[in-house]
Amino acid sequence: MEAVPAAAVALLPAVHVAWSNGILEPHEMAAARDAIRAGEWADPPCREWVARWLDPGAPPPPRDLLALRDEIRARARRLGDGSGEAAAPSLRSLSGLGLALARGESASAAAAWGQPAAGAALEAFEAALGVAPAEAVAVLLGRPSRAPRGRAESGVDADTLNLLLDGSYRDTREDLLALLSDPRFQIPSGTPMSLYRERVLDICRALADRGYGALSFPPEFGGESDTGRFVAVFETLAYGDLSVTVKFGVQFGLFGGSVLQLGTRRHHERYLSDIGSLRLPGCFAMTETGHGSNVRDVETIARYDAAAGVFVLHSPSAASGKDWIGGAARDARMATVFAQLETGGERHGVHALLVPIRGENGAPLPGIRIEDRGLKQGLNGVDNGQIWFDGVRVPRENLLDRFASVSEDGTYSSPIPGADRRFFTMLGTLVAGRVSIAAAAVSAAKTALTIAIRHTDLRTQFGREGEREEPLLEYRAMQRSLLPRLADTYALHFAVRALIDDYAALESGADTREIEARAAGLKAAATWHAMDTLRACREACGGAGYAADSRFGQLAADADAFTTFEGANFVLLQLLAKGLLTEYREEFGDMKMWTVVRFLTARAGERLAELDPIGPRKSDPEHLRDPAFHEEALEHRARRLTVTAAARVKARLDDGMDSFTAVNETQDHLIALALAHVDRLVLGDFARAVTAAGGFGGPEVDGSGGSAEAGALRLLYDLHALRAIERRRAWYLESGLMEPSKTRAVRREINTLCAALRPHAPALVSAFGIPDAVLGAPIGLRDAASTELAPE
């Protein structure tokens, strides 16, 4: 490289960065050149050098830039203290480094650049470059801007945490996970639909052979009378192929459960053993094309013929066909059919009957018309179909008569007065379906998070210039996307497990309304959470997540159905809100909502002023991470939405509006009320789990004062709680319960919690215990302890 004039040495760092980064426009380069050449400190050799090196029309060739960089580094090393490092002050900016180089060049150069105007011009040149000063110096000198962070170690032991998460039925879960890891229990992506359905049925038969299908049945029919274990099986199967999970649930949960819960001893003795062993494949025919969620008004008729002692089933219209019935298209031989019961010309509401639909040869029986729903968006291993009935005759004994019976002469009797109450009592016995779907949705979210967090913990992109690329999970945006969803998944895990335990502990004949309400709310929350999490996880994995074998596409297509299975989410949330407003009164109510009207009248007089504020200005971390604050914030929201919903509905009723329209106009408010109740419910269950694990009152993740696992759970709890508040920040601001300074502080604290959780994220998803063979995707099989990626 040509000799550099002494007066130009100070310019070397800024000139190199200006060209190597391509920062300045030609007119900006020319302006910098002219300003420097006009300075009194620039002698003729310096002006000539500047004219050549800052000519916008003649960029220096790459070899000259490399030589210039090497010259700068050599001069910088000579400035150090003998250790090979440049003097510390020179690392603060390009102008600082340049001035240090000038001082090391000669006394005349130091004097020239020591003039205030010269230093100001050099600083102005650097400012025009718009670079981060210290980082630009570090890159130029080939030194890291700071010590590499690397991947922080986590003290969380995944196996220890897995023991806590598994809880009851660990033996069953481990056995099922071993089965799911067996290739014989896995179905390759892209399997043709006919073969897919066959494989799904074969796997369900294998599960039945191991006794899993009959678990909720009494021992005399091959089971254990253990509803909790049955739901645990459904939840664990959801780590694998969801078509298998749904087919299993339809056969043993819905079809078998309807016979168990709605039938009496003679039905149990005749059918349960065959259902549990899958010798009698069946289906659950409730939904109709024209009455999706409105089961009470289905059109299918079951008219009793006293002379013949049979019920005659009829579908009066095309829209009355039973629709989307799992098992109907291919495998089912019998259906539990929900129909309007008629005796002696009088309607008694919806009842369930067992109706044979196929013969042993698989062909539909006389009077039965079945159509295959064919290829769907997902769950193509489930043979969904439509069923119509035309004068189909079934014996009187086929009425599932736990709650109502018809004598030989057609006399109808029931221990439950009122068709509506009888209907809701009957549906209440089938709440296990919603419990199971909520559990399966959480499993789908766990699968997605395990794949995505392992991938982003390893996959590197970008980073500080001159240093190694950073793992994706080091980036705040990625942490913000995945870690709050991980916290919410843990929260829903404990909330659903608490629901399963309480449901399994119910005694026969117990009031199930509180369980029904929780199941409705958690089913909606968990299924929406699963879909949101699947989208975020797929996006986090980039192109790898879009591959067919990544599982994200199939999971999303399959789990999407969960938002409408067992009741559409908006309908379930409205029912939950209705139950909240009526305080679960004895009369469950109908669509006219007269019981709601009575309740609203009583509540409308409450004043919002009676609700105390929740510290609208307090924003210190201790307050924001105080469980009492979290509980109070969510409680206030639920209480206030209850009162304001009551006031809005009552105002419309006072103006003469009919109750249906009044409720419909405030439906968005009622949905918000239901979700607020679910937020509060989930937070409470999570808090109890963290308390039981020792996560409140001392333990930190670094192991001081308690276990790292308990400390990690506490961090997850805090993140879940603050994220629940942040999601509703607009409401808290509008309601005056928080001020902007507080919601901003909540956002900052969430960022702090994400950073604190980041090192533990791989262990936290490993604690779910999903085997690599079940995860299936290459991005889910990499060793989370590895620090390198395989070449792409």
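Here the sequence shown stands for residues 16 to 807, where the numbers follow the numbering used here. We put the CB at the ideal spot given by N, CA and C, even for glycine. Values in this document were obtained by computation on a predicted structure and should not be read as measured data.
Check your understanding: By how many angstroms is the C-alpha of Ala132 removed from the C-alpha of Ala33?
Key -> In the sequence shown, residue 33 corresponds to position 18, counting from 1. In the sequence shown, residue 132 corresponds to position 117, counting from 1. Just so you know, the alpha carbons of Ala33 and Ala132 end up roughly 21 Å apart.
Point to revise | Minimum length 4: unbroken alpha helix (DSSP H) runs contained in the region 488-551 | key: Those alpha helix (DSSP H) runs which fall completely within the region 488-551 and span 4+ residues are 491-519.
Review point. Quick check: the region 202-217 against the region 225-232, are there 3 or more CB pairs under 8 Å?
Key: No, the region 202-217 does not touch the region 225-232.
**Study point:** Rounded separation between Glu120 and Asn766 - CA only
**Key:** Start at 1 with the first residue of the sequence shown, and residue 120 comes out as number 105. Start at 1 with the first residue of the sequence shown, and residue 766 comes out as number 751. Rounded to the nearest angstrom, the two C-alpha atoms are 47 Å apart.
Review point. Can you tell me where the beta strand (DSSP E) with Asp338 in it begins and where it stops?
Key: For the purposes of this step, residue 338 is taken as the residue at position 323 of the sequence shown. It spans Lys337 to Gly341 - the beta strand (DSSP E) in which Asp338 sits, taken as one unbroken run.
**Study point:** Contiguous alpha helix (DSSP H) assignments of at least 4 residues, all confined to the region 110-172
**Key:** If one requires a minimum length of 4 residues, the alpha helix (DSSP H) runs lying completely within the region 110-172 are 122-128, 131-144 and 148-156, in chain order.
Review point. Is Ile468 near Leu507, with beta carbons less than 9 Å apart?
Key: In the sequence shown, counting from the first residue as 1, residue 468 sits at position 453. In the sequence shown, counting from the first residue as 1, residue 507 sits at position 492. Cβ distance not < 9 Å, so Ile468 and Leu507 don't count as in contact.
Check your understanding: Among Gly364, Arg384 and Trp746, which has the Cα closest to the Cα of Val370?
Key -> As a working note, residue 370 is residue 355 in the sequence shown. When only C-alpha atoms are compared, the closest one is Arg384.
Practice item. Check Leu230 in the structure and name its three-state DSSP category. Key: Reading the sequence shown from its first residue, position 215 is the one you call residue 230. Correct three-state label for Leu230: coil.
Check your understanding: Who are the near neighbours of Ala788 in its chain, counting only those whose CB is closer than 7 Å to its CB and skipping five residues on each side?
Key -> In the sequence shown, residue 788 corresponds to position 773, counting from 1. Here the set comprises Ser196.
Exercise for review: Between the Cα of Gly406 and those of Pro331, Gly393 and Glu423, spot the shortest distance and give me the residue it belongs to.
Suggested key: By one-based count along the sequence shown, residue 406 stands at place 391. Comparing C-alpha distances from Gly406 to each of Pro331, Gly393 and Glu423 shows the shortest one belongs to Pro331.
Point to revise | Secondary structure of Cys769, DSSP reduced to three states | key: Within the sequence shown, the letter at position 754 stands for residue 769. In the three-state reduction of the DSSP assignment, Cys769 falls in the helix class, which pools H, G and I.
**Study point:** Cβ-Cβ separation, Leu464 to Leu497 (assumed contact under 8 Å), whole Å
**Key:** Within the sequence shown, the letter at position 482 stands for residue 497. Within the sequence shown, the letter at position 449 stands for residue 464. With 8 Å as the limit, Leu497 and Leu464 qualify as a contact, their Cβ atoms being about 7 Å apart.
Check your understanding: Since Trp403 is in the beta strand (DSSP E), which residue starts that stretch and which ends it?
Key -> Walking along the sequence shown from the start, residue 403 turns up at place 388. Here the beta strand (DSSP E) through Trp403 covers Asn399 to Pro410.
Check your understanding: Cα-Cα, which of Glu239, Trp56 and Met301 is closest to Val265?
Key -> As a position in the sequence shown, residue 265 is number 250, starting the count at 1. Among Glu239, Trp56 and Met301, the Cα nearest to that of Val265 is on Met301.
Review point. Rounded to a whole number of angstroms, what is the C-alpha to C-alpha distance between Trp746 and Arg632?
Key: For the purposes of this step, residue 746 is identified with residue 731 of the sequence shown, where counting begins at 1. For the purposes of this step, residue 632 is identified with residue 617 of the sequence shown, where counting begins at 1. Trp746 and Arg632: Cα-Cα distance of roughly 16 Å.
**Study point:** Range covered by the alpha helix (DSSP H) that runs through His735
**Key:** For the purposes of this step, residue 735 is identified with residue 720 of the sequence shown, where counting begins at 1. Where His735 is concerned, the enclosing alpha helix (DSSP H) starts and stops at Ala723 to Arg742.
Practice item. Would you mind stating whether Thr187 and Ser273 have Cβ atoms separated by less than 9 Å? Key: On the sequence shown, position 172 is the one that residue 187 refers to. On the sequence shown, position 258 is the one that residue 273 refers to. With contacts defined by Cβ atoms closer than 9 Å, Thr187 and Ser273 do not form a contacting pair.
Check your understanding: Do Asn399 and Ile340 have their C-beta atoms within less than 9 Å of each other?
Key -> Residue numbering aside, residue 399 sits at position 384 when the sequence shown is read from its first letter. Residue numbering aside, residue 340 sits at position 325 when the sequence shown is read from its first letter. Yes, they are a contact pair.
Review point. Taking the runs of the beta strand (DSSP E) that are 3 residues or longer, which of them lie wholly in the region 321-382?
Key: DSSP runs (the beta strand (DSSP E)) wholly in the region 321-382: 325-329, 337-341, 349-358 and 361-371.
Exercise for review: Tell me whether Gly709 sits in a helix, a strand or coil according to DSSP, three-state version.
Suggested key: For this step, residue 709 is matched to residue 694 along the sequence shown. When DSSP states are grouped into helix, strand and coil, Gly709 belongs to the coil group.
Review point. Do Pro71 and Leu109 have their C-beta atoms closer together than 9 Å?
Key: Taking the sequence shown and counting its residues from 1, one reaches residue 71 at position 56. Taking the sequence shown and counting its residues from 1, one reaches residue 109 at position 94. Leu109 is positioned such that its CB atom lies no closer than 9 Å to that of Pro71.
Practice item. Using a Cβ cut-off of 9 Å (strictly closer), state whether Ser209 contacts chain C. Key: Reference to chain C is not applicable here, since this structure consists of a single protein chain.
Review point. Would DSSP call Phe200 helix, strand or coil?
Key: In the sequence shown, the residue the question calls residue 200 occupies position 185. Phe200: helix per DSSP, three-state reduction.
Practice item. To the nearest angstrom, report how far apart Pro381 and Phe783 are at their CA atoms. Key: As a working mapping, residue 381 is identified with position 366 in the sequence shown. As a working mapping, residue 783 is identified with position 768 in the sequence shown. When only Cα atoms are considered, Pro381 and Phe783 end up about 50 Å apart.
Review point. Taking the alpha helix (DSSP H) that Phe299 falls in, what are its first and last residues?
Key: In the sequence shown, counting from the first residue as 1, residue 299 sits at position 284. From DSSP, Phe299 is part of no alpha helix (DSSP H) but of the beta strand (DSSP E) over Gly297 to Ala300.
Point to revise | Backbone CA spacing between Glu284 and Ile372 [nearest angstrom] | key: For the purposes of this step, residue 284 is taken as the residue at position 269 of the sequence shown. For the purposes of this step, residue 372 is taken as the residue at position 357 of the sequence shown. For Glu284 and Ile372, the distance between alpha carbons rounds to 20 Å.
Point to revise | Same chain only: Cβ atoms within 8 Å of Asp575, ignoring 5 sequence neighbours per side | key: In the sequence shown, the residue the question calls residue 575 occupies position 560. Closer than 8 Å at the Cβ level, and outside the excluded window around Asp575, lie Gln392, Gly393 and Met546.
Check your understanding: How many angstroms separate the CA atom of Ala66 from the CA atom of Arg52?
Key -> As a first step, residue 66 is located in the sequence shown; it is residue number 51 there, counting from the start. As a first step, residue 52 is located in the sequence shown; it is residue number 37 there, counting from the start. Roughly 8 Å separates the two Cα atoms.
Exercise for review: Could you check what DSSP says for Ser428 in three-state terms: helix, strand or coil?
Suggested key: Position 413 of the sequence shown, counted from the start, is the residue given in the question as residue 428. Strand.
Exercise for review: Please determine, among His638, Val511 and Gly238, the residue with the shortest C-alpha to C-alpha distance to Asp181.
Suggested key: In the sequence shown, the residue the question calls residue 181 occupies position 166. By alpha-carbon distance to Asp181, the top candidate from His638, Val511 and Gly238 is Val511.
Exercise for review: Going by CA-CA distance only, name the one from Arg411, Ile202 and Ser335 that's closest to Tyr281.
Suggested key: Position 266 of the sequence shown, counting from 1, holds the residue named residue 281. Sequence inspection shows Arg at residue 281; the Tyr mentioned does not correspond to that position. The shortest C-alpha separation from Arg281 is found at Arg411.
Check your understanding: In whole angstroms, what separates the C-alpha of Met672 from that of Leu590?
Key -> Position 657 of the sequence shown, counted from the start, is the residue given in the question as residue 672. Position 575 of the sequence shown, counted from the start, is the residue given in the question as residue 590. Looking at the two C-alpha atoms, the distance is approximately 21 Å.
Practice item. Express the C-alpha separation of Arg449 and Pro296 in angstroms, rounding to a whole number. Key: Numbered from its first residue, the sequence shown carries residue 296 at position 281. Numbered from its first residue, the sequence shown carries residue 449 at position 434. Take the alpha-carbon of Pro296 and the one of Arg449: they are about 22 Å apart.
Exercise for review: For Thr542, count neighbouring C-beta atoms within 10 Å of its own C-beta (all shown protein chains included) and say buried if the count is 16 or more, exposed if not.
Suggested key: Counting from 1 along the sequence shown, the entry for residue 542 is found at position 527. It is buried - the Cβ of Thr542 has at least 16 other Cβ atoms within 10 Å.
Practice item. Report yes if the CB atom of Asp472 is closer than 9 Å to the CB atom of Pro786, and no otherwise. Key: Against the sequence shown, residue 472 aligns to sequence position 457. Against the sequence shown, residue 786 aligns to sequence position 771. With respect to the 9 Å criterion, Asp472 and Pro786 are not classified as neighbours on the basis of their beta carbons.
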